[in-house]
Amino acid sequence: ARIEDQGQVPRGQGGSVDLTVSLDADAPVTFSVPLGQDLDLPVNLPHAGMNVLQLSVGAGAGELTVRNNAAVVQINGVRDRLRVLLVSGEPHAGERVWRNLLKSDPSVDLVHFTILRPPEKQDGIPVSELSLIAFPTKELFVDKINDFDLIIFDRYRMRGILPLSYIDNVVQYVKNGGTVLVAAGPEFGEVDSLWRSPLAEILPVEPTSMIINQGFKPVVTDLGKRHPVTEGLEALAPEGGWGRWFRLIEVVTRQGQVLMSGPGDKPLLVLNRVEKGRIAVLASDQAWLWGRGYEGGGPLLELLRRLAHWMLKEPDLEEESLTASAVGEAVTFTRRTILDTPPGDLSITAPDGTVSTLTLPLVSPGKYEAKWQAPMLGLFRLQQGDLARVVAVGPSAPKEFEETIASAAGLTPVATDSRGGVQALEAGMPDIRLVREGRPASGRGWIGIVPRGAYVTGDVQVTALLPAWLWLILAALTAVAAWTVEGRRGRQSR
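Following the working numbering, the numbering of the sequence shown begins with 892 at its first residue and continues without gaps.
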């Protein structure tokens, strides 16, 4: 970034200026920065997707225009790598599906911790002959737990491998902004369940110890039809609908949002927010059937992708969100909500401070959208309830306002090559002179033009001024007029 004070700066001014920086709709921050120097401004993007950074300075005394006092930078944040820790319990058919799905995504760094043999099972093999190595549990669950974006517990049971203090670290990890997904199996309702560990503090469901072993097709709930994680999933079903699952772990919802259900409307997929973090529970270990295409399968990959992005707080998958995109001067506003009642009017504050309101019509369950033509260019601030956003329409400072002081710097090299010059009109209109080719064509108070004779006669046409019959009438009238005049003169001479 660079701030320049152009023109003749009044004495006593200059040196430094207050720079106001705001990211999206956050509160602006002001810094004192020097003029005429290149600045490096480090920016921490709060989320993936479009981030709008606005830089502005106040109006100076005698300033010609303030249109070039602001700049808007749109930064598209992309998550570099998604670090996932997959903790699997006893091996089962769905474990490989989880691993294959995560490994197939090049943007995922997967660390897989699987228990092949519980500690209490001993077979007398010397340690030196074992091909397995001790898993670095302390390093993962204490030292580097905050390096992971997502932790998945896949049919994990408490067998003394992970101490309770490590599980408590997972709880604190979630409260501080981390995310956890629990894929529950029959062990979830047993005595060594994660429910009977410190993780129970943040789990949105409580197991009843009942297991429903029957075929069923997962159903998206009414809330799920409005939630971005499961909205439109039914449209991805193969012909004949989704394939069946054959086991549901019965749970009771303590808090959170039930997006999918099983037989008897029992919770299947439950999401919840825990302080700064998020947690989700999938109350079945049969999701792998969709991945294998059983009875047509289902959108397992899309469901897991959306679920992971929601847990990572992607703006496009927030339950309550307000977004705006501009193409030219046409702006599209989109409002998502899981509430049954429609949101209020959208308040739009233009760059000049004028405020207008707009009602967004319902276009699909939980989605309101409207198109709007911006009356001017610049940064518009949006407010609807507790949601605030900004959208940049065109450049905040158009090209013609970037440099408002006339300068010959851009044209002088071109004019000099032809022995011409650039003169300011403030000294008066210069005289125009004809000069020979190769001679100087500019001087004090005058500019020269070289007569090139550079013209081409493209066509010559001869057109009668008046038609012939009109010429005859005019000639006859002239003759009559002359005869009349001569006749009068002859009578007067007698």
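The C-beta atom is built at its ideal place from N, Cα and C for all residues, glycine as well.
Contact set for residue i: own chain, Cβ-Cβ below 6 Å, skip 5 residues either direction
i: Q1314; result: P1321
i: P1331; result: R1310
i: A1306; result: G1312 and V1313
i: P1098; result: F1079, G1080, W1086 and V1142
i: L973; result: S998, V999 and D1040
i: T1303; result: V1313
i: Q1403; result: Outside the shown range of the chain (892 to 1385) lies residue 1403, about which nothing can therefore be said.
i: R1324; result: W1337 and G1339
i: P1256; result: K1116 and R1117
Proximal residues to residue i (C-beta, below 7 Å), its chain only, five neighbours per side dropped
i: F1058; result: It should be pointed out that residue 1058 corresponds to Ile in this sequence rather than to Phe. These residues qualify, in order along the chain: S1088, P1089 and L1090.
i: L1055; result: S1088 and P1089
i: L1053; result: T1028 and F1032
Identity of the residues DSSP links to residue i by a beta bridge
i: T1240; result: V1246 and R1272
i: E1097; result: V1143
i: W1374; result: In DSSP, W1374 forms no bridge with anything.
i: T1259; result: What sits at residue 1259 in the sequence shown is Tyr, not Thr. Partner(s): R1226 and L1253.
i: V1002; result: L976
i: P925; result: S907
i: W1136; result: F1107
i: L914; result: L944
i: L932; result: DSSP output for L932 lists no bridge partner at all.
i: Q965; result: V943
i: D1045; result: S979 and A1074
i: V1055; result: Per the sequence presented here, residue 1055 reads as Leu, with Val not at that position. Paired residue(s): none; L1055 is not in a bridge.
Contact under 8 Å by Cβ, residue i with residue j
i: T1144; j: V1165; result: no
i: T1248; j: R1272; result: no
i: L1159; j: A1174; result: yes
i: N959; j: A950; result: no
i: P1286; j: Y1259; result: no
i: Q1264; j: E1220; result: yes
i: D1000; j: A1074; result: no
i: R1048; j: D1083; result: yes
i: L1041; j: V975; result: yes
i: G1153; j: P1109; result: yes
i: G1184; j: I1140; result: no
i: G1282; j: L1208; result: With the sequence shown as reference, residue 1282 is identified as Val, and Gly is not the correct amino acid for it. Contact: no.
i: L1072; j: I1102; result: no
i: L914; j: L944; result: yes
i: W1179; j: V978; result: no
i: F922; j: L936; result: no
i: W1133; j: G1076; result: no
i: D906; j: P1206; result: Note that residue 906 corresponds to Gly in the displayed sequence, not to Asp. No, these two residues do not count as a Cβ contact at 8 Å.
i: R1280; j: A1217; result: no
i: R1046; j: E1122; result: no
i: K1204; j: H938; result: yes
Inter-residue Cα distance where the pair is residue i and residue j
i: L1194; j: A1126; result: 12 Å
i: Q1070; j: G1189; result: The question names Gln, but residue 1070 is Thr in the sequence shown. For T1070 and G1189, the distance between alpha carbons rounds to 24 Å.
i: E1130; j: V1222; result: 37 Å
i: R1169; j: Q1063; result: 12 Å
i: A1355; j: T1348; result: 21 Å
i: E1092; j: L992; result: 29 Å
i: A1326; j: I1338; result: With the sequence shown as reference, residue 1326 is identified as Val, and Ala is not the correct amino acid for it. So the alpha carbons of these two residues sit roughly 9 Å apart.
i: K1262; j: A916; result: 21 Å
i: G1381; j: A1373; result: 12 Å
i: A1359; j: V1353; result: 15 Å
i: K1066; j: I1006; result: 27 Å
i: P925; j: R893; result: 9 Å
i: V1284; j: E1210; result: 26 Å
i: F1032; j: T1232; result: 43 Å
i: A1345; j: V1351; result: 18 Å
i: P1266; j: V1246; result: 12 Å
i: P919; j: K1167; result: 23 Å
i: W1201; j: E986; result: 22 Å
i: G1378; j: V1371; result: 10 Å
Nearest to residue i (by Cα), restricted to the options the options
i: G1319; options: G1336, V1305, D1308 and P1095; result: G1336
i: D1236; options: L1213, V1218, D909 and I1103; result: L1213
i: I1229; options: A1297, G1187, G1147 and A1261; result: G1147
i: E1317; options: G1329, S1298 and G1123; result: S1298
i: R1135; options: D1113, V1142, R1227 and N1104; result: N1104
i: G927; options: V943, V908, Q945 and M941; result: V908
i: L932; options: V964, M941, A939 and M1151; result: V964
i: G1182; options: N935, S913 and A984; result: A984
i: V1341; options: E1328, V1353 and D1350; result: E1328
i: P1027; options: R972, R1050, H1003 and E981; result: H1003
i: V1149; options: T1112, V1376 and R1050; result: T1112
i: L1278; options: R1227, D996 and V1376; result: R1227
i: L1253; options: F1224, G1051 and L1203; result: F1224
Any chain C beta carbon closer than 8 Å to residue i
i: D1156; result: Considering every chain present, this structure includes no chain C. It has just one protein chain.
Own chain residues within Cβ distance below 8 Å of residue i, not counting five before or after
i: L1114; result: Q1148, V1149, L1150 and I1229
i: D1038; result: R974
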